[in-house]
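Each residue of the sequence shown is one higher than the one before, counting from 3 in this note's numbering.
No residue lacks a Cβ here, since even glycine has one placed at the ideal position from N, Cα and C.
For clarity, every value in this text was computed on a predicted model and none was experimentally measured.
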Amino acid sequence: MSTEQWPNKETYELINSRDLKPLNLKSILYSKYDDLNPQEKSFYTLNQEKLEINTCEKCTFIDSTYELFWDSDYLLPDTKDKTFSCLCECCYEEVGGSPQ
Ligand SMILES: [Zn+2]
């Protein structure tokens, strides 16, 4: 039987390494997708549907699907280079959106 303590040094380092940081909704909600690290980006991609979250098409802010402004419910004016179908509250105000 091993008398080694748990966690041993190797395990301890693994647990604390950035790669094994447990991710949850709180890790990514209200962040900008563009600012996420690769691990967080893949967490977002894998869980986006299940967690019912989405990103603003303008600034990549991550919010609940129900908190975002969708073109099915709001008039989202086109800007000179883009048409949006989903915006966060800030960008919605910035582009001058209005309820349908
Ligand atoms: Zn935005």
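query	result
Any non-hydrogen atom of ligand 1 within 7 Å of K60 CB	yes
Assigned secondary structure, P24 (DSSP; H/G/I helix, E/B strand, else coil)	coil
Any non-hydrogen atom of ligand 1 within 7 Å of C92 CB	yes
C-beta contact flag for N56 and T67 at 8 Å	yes
First through last residue of the alpha helix (DSSP H) which encompasses N49	P40 to L53
Member of E59, T47 and F71 whose CA lies at the smallest distance from the CA of L27	T47
Backbone secondary structure at D1 - three-state DSSP	Shown here, the chain extends from 3 to 102; a query on residue 1 therefore has no answer.
N- and C-terminal bounds of the beta strand (DSSP E) containing D65	I64 to S66
From L38, D83, D37 and L78, residue whose alpha carbon lies closest to that of C92	L78
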